[in-house]
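Report on the following structure.
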Amino acid sequence: MVTFGYFVDKMDVASKYGYNLNVKYYRDGFSQYTEFYKTMSKLLSSYGEYSAGVIDDGKKTKFKQDLFYYDLHLKLMNYYPVTGDLKNSDGKDCSIYKGRFEIDTRNGIDNCSTYIDGELIDSGVNYSDAIKKMEYFFSIMNKPISGTQIIKKINTEKDSDGKLVKIIGMADSIAMPDALFRWLDIFITHENYDEINSAFNVSMEKIKSFNFVNDDYLSVSSLYKDTLNKTRKIFNDKLNSSYFKTAESGRNKPWDLDQGKINSYNTIIDGIKKELQMTLDELSQRYNTINSNYDNMLRVITTMISELTQELKGFLRI
Numbered sequence: 391m392v393t394f395g396y397f398v399d400k401m402d403v404a405s406k407y408g409y410n411l412n413v414k415y416y417r418d419g420f421s422q423y424t425e426f427y428k429t430m431s432k433l434l435s436s437y438g439e440y441s442a443g444v445i446d447d448g449k450k451t452k453f454k455q456d457l458f459y460y461d462l463h464l465k466l467m468n469y470y471p472v473t474g475d476l477k478n479s480d481g482k483d484c485s486i487y488k489g490r491f492e493i494d495t496r497n498g499i500d501n502c503s504t505y506i507d508g509e510l511i512d513s514g515v516n517y518s519d520a521i522k523k524m525e526y527f528f529s530i531m532n533k534p535i536s537g538t539q540i541i542k543k544i545n546t547e548k549d550s551d552g553k554l555v556k557i558i559g560m561a562d563s564i565a566m567p568d569a570l571f572r573w574l575d576i577f578i579t580h581e582n583y584d585e586i587n588s589a590f591n592v593s594m595e596k597i598k599s600f601n602f603v604n605d606d607y608l609s610v611s612s613l614y615k616d617t618l619n620k621t622r623k624i625f626n627d628k629l630n631s632s633y634f635k636t637a638e639s640g641r642n643k644p645w646d647l648d649q650g651k652i653n654s655y656n657t658i659i660d661g662i663k664k665e666l667q668m669t670l671d672e673l674s675q676r677y678n679t680i681n682s683n684y685d686n687m688l689r690v691i692t693t694m695i696s697e698l699t700q701e702l703k704g705f706l707r708i
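The sequence shown runs 391 to 708 under the numbering used here.
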């Protein structure tokens, strides 16, 4: 028998999914990208401070151009992954959003628990429904904000007896400032992200077909490890072929630039800052929209519970 309490519990679960998936994704992404935006915009705006005086009767200006590029690289490296698990060279996470969806299967196929970022959201869920909830978790990130990209992974955990005990879905949003990357010769493309994510769809199809009898858990873990290696290789290869080493070796040698060249560099900088601002604006807009929708959903749920409570009280008086 479906009780009133059961109904209230399920609506509470629905609101938790709405918050932990949608609101946190855009809230955390907006917050972290804001810090990225402030850091990079401040340095880009300081370009004029790299002037080292005029020469040739004022026709040219000495600019510490390579030092500027070098400093840009150093700041960018705080948000640039060099490991398969998306950590920078200091061992810190680079993701502007790091989401985790776990399905605990240790109690059997009809008694799974789901967790979002380590928080228990629902229990007593059958495996098929748990997988659908994981699919929804990934679906909200199908269209990344422009200027960002998503890396998706799936891994499995077994106990000492080889029994599946957990499936972990991972989604990380990474800042991908196209114009800035191009200027620094960091040629990471959207196709590179497609390559990194190529194992995700394969893994998802595999876990959807699990029946807890002779399932190939090892293949999913193997695809996960392949993704880590591929991620590390792509990001390091792109960094090693960038302008970083040249800028590092030439950072103490000023360039002689005429005003036309300086103007062209300022135009490039303005374009990069505008692209960063557009990403920030889109994140802000989406966060405000989804937060408003979530508040509306809570009001609807609260109203429904209140109305049902009144109806139940009336029924009990009869």
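By construction, the Cβ of each residue, glycine as well, lies at the ideal position given by its N, Cα and C atoms.
D456 and N656 have their alpha carbons spaced roughly 15 Å apart. Going by DSSP, G514 is part of the beta strand (DSSP E) stretching over E509 to V515. Nearest to E585 by alpha-carbon distance, out of E525, N642 and I541, is I541. Assignment of V610 by DSSP, reduced to helix, strand and coil, places it in the helix class.
Annotation: the continuous alpha helix (DSSP H) that includes N591 extends over S588 to K598. When secondary structure is reduced to three states using DSSP, T546 falls in the strand class. Residue burial annotation: K522 is exposed, with fewer than 16 other C-beta atoms found within 10 angstroms of its C-beta. When the Cα atoms are used, L466 and D494 turn out to be separated by approximately 37 Å. A distance of 7 Å or more separates the beta carbons of L673 and Y427. Taken atom to atom, the span from the alpha-carbon of N501 to that of N582 is near 38 Å. The alpha helix (DSSP H) runs lying completely inside the region 443-471 and spanning 4 residues or more are 455-466, given in chain order.
Here T621 is buried, its C-beta having at least 16 other C-beta atoms within 10 Å.
Under the rule that a run must span 3 or more residues, the beta strand (DSSP E) segments found entirely inside the region 615-674 read 645-648. Per DSSP, the beta-bridge partners of Q539 are I564.
An exposed status is given to E525, since fewer than 16 other beta-carbon atoms sit within 10 Å of its beta-carbon. Excluding sequence positions up to five before and after Y460, its CB lies within less than 6 Å of the CB of A637, E638 and R641, all in the same chain and listed in chain order.
With contacts defined as CB atoms closer than 7 Å, Y415 and Y487 qualify as a contacting pair. Straight-line spacing of the CA atoms in I557 and P644 works out to 54 Å. In the DSSP assignment, K488 falls within the unbroken beta strand (DSSP E) covering Y487 to D494. Secondary structure at K556: strand, using DSSP grouped into helix, strand and coil.
Counting along the chain, no alpha helix (DSSP H) covers S503; the unbroken beta strand (DSSP E) around it starts and ends at C502 to I506.
Inter-segment contact for the region 505-516 and the region 588-595 is absent: fewer than three beta-carbon pairs are separated by less than 8 Å. Across the set C484, K635, R496 and R676, the C-alpha of K635 shows the shortest separation from the C-alpha of I576. Out of E492, D418 and H463, the CA that lies nearest to the CA of S479 is found in H463. Here D519 carries a helix assignment [DSSP, helix/strand/coil]. Distance from L411 to I544 at the Cβ level is roughly 16 Å; contact not present, criterion being Cβ atoms closer than 8 Å. Here L608 is exposed, its C-beta having fewer than 16 other C-beta atoms within 10 Å. In this structure, the alpha-carbon of N626 lies about 26 Å from that of F420.
The C-beta distance from Y614 to R417 rounds to 27 Å, too long to meet the 8 Å contact threshold. Judged by DSSP secondary structure, F420 falls within the alpha helix (DSSP H) whose first and last residues are K414 to L434. Here the alpha carbons of H580 and L433 stand approximately 26 Å from one another.
Under the 10 Å beta carbon count, T679 is surrounded by fewer than 16 other beta carbons and is classified as exposed.
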